[in-house]
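Counting from 1 along the sequence shown, just add 15 to a position and that's the residue number in my numbering. The beta-carbon is built from N, C-alpha and C at its ideal position, and this holds for glycine as well.
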Amino acid sequence: MTNDLNSPVAILDKEIAKYPTYTIETFELCDCCGARFGIGYHQACQHHADAASQTDELPKKLREMLAEDHGHDRKHKLFTEIWIIPTWESSTRSPLSRTRL
16 MTNDLNSPVA ILDKEIAKYP TYTIETFELC DCCGARFGIG YHQACQHHAD
66 AASQTDELPK KLREMLAEDH GHDRKHKLFT EIWIIPTWES STRSPLSRTR
116 L
């Protein structure tokens, strides 16, 4: 389990009841085996409002992660963080990137 309460997570649907402190916002299926995962956030998440912009990106990233599991012949994790690495384009929109030296 993660120590970062602000990271989006994916939880296998059969395991969701074991994680009552997480709020599931959507579900996604593995394209290869049909396993169903809930995508959500810890209830104490500080940046949950910022996550609205990742609505389409999170399921896509999860499907990629699940496909990699099949490609490496490994089982899916029951609980995993979904890491979204910002692209250069989105990082240039940051107010910090406009700071003059």
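Can you give me the Cβ contacts of residue i inside the same chain, cut-off strictly under 8 Å, excluding the 5 residues immediately before and after it?
i, result
"K76", "I97, W98 and I99"
"A59", "L20 and T36"
"P23", "I54, G55, Y56, A66, Q69, L73, E96, I97 and I99"
"D46", "R78, L81 and A82"
How close, in whole Å, do the beta carbons of residue i and residue j come, if the pair is a contact with beta carbons under 8 Å?
i, j, result
"I11", "E40", "Summary: the structure shown does not reach residue 11, with the chain confined to residues 16 through 116, and so no result is reported for it."
Excluding five sequence neighbours on each side, which residues of the same chain lie with their C-beta closer than 7 Å to the C-beta of residue i?
i, result
"H57", "L20, T36 and Y37"
"R51", "D28, F42 and L44"
Mapping DSSP to helix, strand and coil, what is residue i?
i, result
"G53", "strand"
"L44", "strand"
"I99", "coil"
"A32", "helix"
So if DSSP puts residue i in a beta bridge, which residue, or which two residues, is it bridged to?
i, result
"I27", "Here the sequence assigns Leu to residue 27, which means Ile is not the residue at that position. BP columns for L27 point to F52."
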